[in-house]
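So the protein lines, in turn, are chains A and B. So in the working numbering, spot 145 of the first sequence is number 146, and the numbers just go up one at a time. So in the working numbering, spot 182 of the second sequence is number 183, and the numbers just go up one at a time. Positions of the beta carbon are idealized from the N, C-alpha and C atoms, including for glycine. None of the values given here were measured: they were computed from a predicted structure.
Protein chains: 2
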Amino acid sequence: MKHFSDVLAESIIAKRSVVCVGLDPDLAQMPPELVAGFARSGGGEEAAAACAEEFCCHVVSAVAEVAAVVKPQAAFFEQFGPPGWAALRAVVRCAHEHGLPVILDAKRGDISSTGRAYARALFGGAELPGGGVADGLAADAVTASPYLGEDSLTPFTEHCAQGKGVFVLTRTSNPGAATLQERELDGRPMYLTVAELVRRLGGGYIGEHGYSDVGAVAGATAPEALSAVRAILPRAFILVPGYGAQGGSVRNLAGLRAGEAAGVVVSASRSVIYAWRDSGREYAAAAADAARTMRDDLVGVLEA
Amino acid sequence: MKHFSDVLAESIIAKRSVVCVGLDPDLAQMPPELVAGFARSGGGEEAAAACAEEFCCHVVSAVAEVAAVVKPQAAFFEQFGPPGWAALRAVVRCAHEHGLPVILDAKRGDISSTGRAYARALFGGAELPGGGVADGLAADAVTASPYLGEDSLTPFTEHCAQGKGVFVLTRTSNPGAATLQERELDGRPMYLTVAELVRRLGGGYIGEHGYSDVGAVAGATAPEALSAVRAILPRAFILVPGYGAQGGSVRNLAGLRAGEAAGVVVSASRSVIYAWRDSGREYAAAAADAARTMRDDLVGVLEA
C-alpha cells in the first residue's frame with residue numbers, strides 16, 4: 002500500500018506546487034445566479050447540497066492543474082443534512098477523478114470505539130448488515146484534534162498502514178491559540194508537546210520520500226511557531242492554514258523546507274474559491290487564477 | 002426562550018434521575034437477529050442506518066421514564082454515510098417525541114465561519130436557496146472541544162440565547178487525559194484553565210434554576226478532578242461520562258451536588274444499551290432495567 006505521504010509528495014513535485022485549496026461552500030459567497038438556479042429547482046437541503054457540490058466540483062476541476070491537494074471542510078457540508086454529507090462524498094470523488102488527494106478537514110477526536118467509528122466515517126470501513134463495508138467519505142487524510150490525548154489520535158493513525166494520513170492540530174492560526182496552545186507547559190508552549198506527540202505517533206509511518214503519514218497543522222500567522230514545530234518534526238508534512246484571507250504571508254514560510262517536496266502544504270479557502278467576488282470573472286476561472294498566483298507566490302518554498 | 006439548563010434541570014427533577022443514556026449504535030453488539038433482519042431487507046448503508054435507528058429509538062422509548070437526557074454519539078451514525086446522518090436526525094426526533102432533551106456528542110470545534118457552520122449543522126439554521134433554513138440535527142446541546150481556544154467555543158455558545166446548551170470537554174475519562182489535560186499549566190492542571198474558560202463563557206447564560214447553559218465534561222474516573230472542576234464551576238452542569246463500562250463509580254460523584262437538580266448528569270452507553278448481552282433479555286427491556294438500576298444507584302447525588 003502506497004504511503005499517503007508519498008502520494009502527497011509526488012503531487013507536490015508533479016505540480017511544482019504546495020497549494021492546498023480549501024473547499025468551504027458558503028452559499029452567501031457564491032454567484033447569486035448559481036444559487037438562484039438551485040432555488041428554482043425546488044429549494045431545501047437537497048438544493049443547497051447540490052449547489053455546494055456543483056460549486057466545489059467546478060472549482061476542483063479548474064484548480065486541478067495547479068493545486069497539490071484539496072481540503073473540503075466538513076461543517077460546510079454537514080449544515081445541509083444528509084444531502085450535504087452525500088455532496089461531501091461526491092466532492093471527494095470529484096477530486097479523486099482529477100488526481101487530487103483529499104485532506105478532509107473534520108477536526109475530529111474521540112477515544113476507543115468512538116474514535117474508530119470516526120475513522121471509519123472519514124476513511125471508510127464500517128461493517129454492513131449482510132456483509133461488505135461502507136465506503137465512508139474515502140478521504141486520503143484527515144485533520145484531528147489532540148485535546149483528548151494520544152488515545153484519541155491512534156484510532157486515526159492506525160489507518161496509516163492502509164495508505165491514509167492524519168494532520169494533528171498543533172498551533173492553529175486563530176487568536177484563540179492563546180487560550181491553550183501558546184500557554185506554557187513544562188517551560189515551553191503547549192503546542193510543542195503536541196508536536197512531540199505527532200513525532201512519536203508518526204515515527205512508524207515514514208514513506209519512500211522520507212516523510213511521515215502523520216503531519217501537523219500549524220498556522221502561517223505565527224512564523225516562530227512554525228519554525229519551532231519544524232525543528233521537532235523534521236519528517237512531517239506541515240499543513241499551513243491562514244494564507245490569504247487570514248493574513249498569513251509567504252515570508253512566514255521561509256526555512257520550513259524539509260526535502261525535495263518541501264514538506265509543507267499551504268492552504269487557502271476563501272481567497273481562492275471566492276476570488277470571483279473581487280474580479281467579477283466566472284467563479285471557477287477566477288479560482289484557478291488565484292490558485293496559480295498562490296502557487297507562483299509559494300514556489301520559493303520548493304526552491305529555497 | 003427557555004434556557005437549555007432549565008429544560009435539563011426540570012427533566013432531572015421530574016424523573017428524579019441524573020441518568021444520561023449514551024446512544025452508540027454498534028451493529029456488532031446488537032442482537033444478531035435484529036441485524037440479520039436488516040441484512041435481508043437489502044443490506045448496505047441504508048440497512049445499517051435503519052438498523053441503528055430502530056435500535057436507538059426502541060432504547061429511547063424504553064428508557065424514557067428513567068433517563069433525564071440522552072446523548073447520541075455522532076460518529077456511530079456518520080460511519081453509515083448520508084443514511085446514517087438521516088438516522089441520527091430521526092433518533093433526535095424520537096427522543097423529543099418522548100420528552101427527552103438531547104445532548105449530541107460530536108466534540109466539534111472550529112473557528113469563525115467554520116465554527117458557525119458546525120453550530121448550524123448540529124442546532125439547525127443554515128440558510129437555504131429560495132428561502133427558509135435547514136433543520137440541522139436539532140440537538141438541544143452539543144459537546145465541544147476547546148483545543149482551538151475561546152473563539153472555537155463562542156460559535157456554539159452564541160446559540161445559548163436560543164435555548165441551546167454546550168458542554169466543553171474539560172477533564173475526560175480516558176488514559177490520554179494525561180497527554181495534555183492533566184499537565185501543569187500556570188502551576189495547576191490544564192483542565193482547570195479550561196474550566197475557567199467555561200465559567201467565563203457561561204456567565205451570561207444562567208437559567209431560572211441557577212444553572213448555566215454552558216457546562217463541562219469531566220469524567221467519573223478522576224474524582225479529585227471532578228471536585229476541582231465543581232469548585233471553579235458552581236453553576237455549571239457537569240456531564241460525567243465513564244460510569245459503567247469505563248469503570249467510574251457513584252462514590253466518585255460525592256460532593257458534586259450544586260443545587261436542587263444536582264448539577265450533574267451521568268452518562269453510560271454500552272453498559273445500558275447493550276445490557277441484553279449479559280441478561281439475554283429483550284434488548285430494550287434490558288436497557289430500561291439497566292437505566293433504572295443506574296438511576297437508583299445515583300439517586301444519592303440528588304439527595305446528598
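Please classify residue i as buried or exposed, where buried requires at least 16 other C-beta atoms within 10 Å of its C-beta.
{"i": "Ala308/A", "result": "Chain A is shown from 2 up to 305; residue 308/A falls before or after that span and cannot be answered."}
{"i": "Lys3/A", "result": "exposed"}
{"i": "Ser6/B", "result": "buried"}
{"i": "Val19/A", "result": "buried"}
{"i": "Gly125/A", "result": "buried"}
{"i": "Arg189/A", "result": "exposed"}
{"i": "Pro176/B", "result": "exposed"}
{"i": "Pro156/A", "result": "buried"}
{"i": "Asp152/B", "result": "buried"}
{"i": "Asp106/A", "result": "buried"}
{"i": "Ser280/B", "result": "exposed"}
{"i": "Glu55/B", "result": "buried"}
Give the C-beta separation of residue i and residue j to the nearest angstrom, bearing in mind that I take them to be a contact with Cβ-Cβ under 8 Å.
{"i": "Leu154/A", "j": "Ala145/A", "result": "6 Å"}
{"i": "Leu257/B", "j": "Leu234/B", "result": "About 10 Å; that fails the 8 Å criterion."}
{"i": "Lys72/B", "j": "Ile112/B", "result": "Not quite, the Cβ-Cβ distance comes to about 25 Å (not below 8 Å), so this is no contact."}
{"i": "Pro32/A", "j": "Tyr284/A", "result": "6 Å"}
{"i": "Pro147/A", "j": "Gly204/A", "result": "With a Cβ gap of about 16 Å, Pro147/A and Gly204/A do not count as contacting."}
{"i": "Ala48/A", "j": "Leu35/B", "result": "So it is not a contact: roughly 36 Å between Cβ atoms."}
{"i": "Ser12/B", "j": "Val70/B", "result": "6 Å"}
{"i": "Ala135/B", "j": "Glu304/A", "result": "Ala135/B to Glu304/A, Cβ: 46 Å. No contact."}
Listing by chain order, which chain B residues have their CB less than 8 Å from the CB of residue i?
{"i": "Ala178/A", "result": "Leu149, Gly150"}
{"i": "Phe77/A", "result": "Thr115, Ala118"}
{"i": "Gly137/A", "result": "Gln80, Gly82"}
{"i": "Leu170/A", "result": "Tyr148, Leu149"}
{"i": "Lys165/A", "result": "Ordered by position in chain B, no residue passes the 8 Å Cβ test against Lys165/A, which lies about 15 Å from the chain."}
{"i": "Lys3/A", "result": "Those within 8 Å of Lys3/A in chain B number zero; the least Cβ separation is about 24 Å."}
Is the beta carbon of residue j closer than 8 Å to that of residue i?
{"i": "Ala162/A", "j": "Gln80/B", "result": "no"}
{"i": "Val309/B", "j": "Thr171/B", "result": "Because chain B is modelled from 2 through 305, residue 309/B falls outside the range shown and cannot be assessed."}
{"i": "Arg90/A", "j": "Leu138/A", "result": "yes"}
{"i": "Val266/A", "j": "Val300/A", "result": "no"}
{"i": "Ser174/A", "j": "Ala217/A", "result": "no"}
{"i": "Ala263/B", "j": "Val302/B", "result": "yes"}
{"i": "Ala37/A", "j": "Ala289/A", "result": "no"}
{"i": "Gly311/B", "j": "Ala53/B", "result": "A query on residue 311/B cannot be resolved here, the shown segment of chain B reaching from 2 to 305 and no further."}
{"i": "Gly131/B", "j": "Ala50/A", "result": "no"}
{"i": "Ala196/B", "j": "Val167/B", "result": "no"}
{"i": "Gly260/A", "j": "Ala178/B", "result": "no"}
{"i": "Leu101/A", "j": "Val61/A", "result": "yes"}
{"i": "Ala65/A", "j": "His99/A", "result": "yes"}
{"i": "Tyr192/B", "j": "Glu185/B", "result": "no"}
{"i": "Tyr244/B", "j": "Ala10/B", "result": "no"}
{"i": "Tyr119/B", "j": "Ala76/A", "result": "yes"}
{"i": "Ser219/B", "j": "Ile239/B", "result": "Per the sequence shown, the amino acid found at residue 219/B is Ala instead of Ser. In this structure, Ile239/B lies closer than 8 Å to Ala219/B by Cβ."}
{"i": "Ala292/A", "j": "Trp277/A", "result": "no"}
{"i": "Tyr275/A", "j": "Gln30/A", "result": "yes"}
List the residues of chain B whose Cβ lies closer than 7 Å to the Cβ of residue i, in chain order.
{"i": "Ala65/A", "result": "Within chain B, no residue comes near Ala65/A; the closest Cβ sits about 24 Å away, beyond 7 Å."}
{"i": "Ile112/A", "result": "Asn175, Gly177"}
{"i": "Gln74/A", "result": "Thr115"}
{"i": "Phe39/A", "result": "Pro130"}
{"i": "Gly264/A", "result": "What Gly264/A touches in chain B: nothing, since even the nearest Cβ is about 23 Å away."}
Anything in chain A within Cβ reach of residue i, meaning under 8 Å, just list it in chain order.
{"i": "Pro83/B", "result": "Pro83, Pro84, Trp86, Ala87, Arg90"}
{"i": "Glu185/B", "result": "Leu186, Asp187"}
{"i": "Ser153/B", "result": "Asn175, Gly177"}
{"i": "Val36/B", "result": "Pro130"}
{"i": "Ala162/B", "result": "Near Ala162/B there are no residues of chain A at all, since even the closest Cβ is about 19 Å away, more than 8 Å."}
{"i": "Ala48/B", "result": "Leu129, Pro130, Gly131"}
{"i": "Gly44/B", "result": "Leu129, Pro130, Gly131, Gly132, Gly133"}
{"i": "Met191/B", "result": "Leu181, Arg184, Leu186, Met191"}
Residues of chain B with CB closer than 9 Å to the CB of residue i, please, in chain order.
{"i": "Asp7/A", "result": "Per Cβ cutoff of 9 Å: no residues; Asp7/A is ~27 Å from chain B at best."}
{"i": "Cys52/A", "result": "Pro130"}
{"i": "Lys16/A", "result": "Here the premise fails: no neighbours, minimum Cβ distance about 26 Å."}
Which chain A residues sit within Cβ distance under 9 Å of residue i?
{"i": "Asp214/B", "result": "By Cβ distance, chain A contributes nothing, its closest Cβ being about 20 Å from Asp214/B, past 9 Å."}
{"i": "Gln182/B", "result": "Tyr148, Leu149, Gly150"}
Quick one: list the residues of chain A neighbouring residue i, beta-carbon separation under 7 Å, in chain order.
{"i": "Ala96/B", "result": "Within chain A, no residue comes near Ala96/B; the closest Cβ sits about 17 Å away, beyond 7 Å."}
{"i": "Asp27/B", "result": "Ser114"}
{"i": "Ala122/B", "result": "Ala76, Glu79, Gln80"}
{"i": "Gly243/B", "result": "In chain order: nothing, as chain A lies at least about 11 Å away."}
Any heavy atom of the ligand PLP within a distance shorter than 7 Å of the CB on residue i?
{"i": "Glu185/B", "result": "Here there are no bound small molecules, and the ligand PLP is not part of this structure."}
Closer than 7 Å by beta-carbon distance: list the chain D residues that pair up with residue i, in chain order.
{"i": "Ala196/B", "result": "No chain D appears in the structure shown, which is made up of the protein chains A and B."}
Cβ contact check for the segment 264 to 273 of chain B and the segment 22 to 30 of chain B: 3 or more pairs under 8 Å
yes
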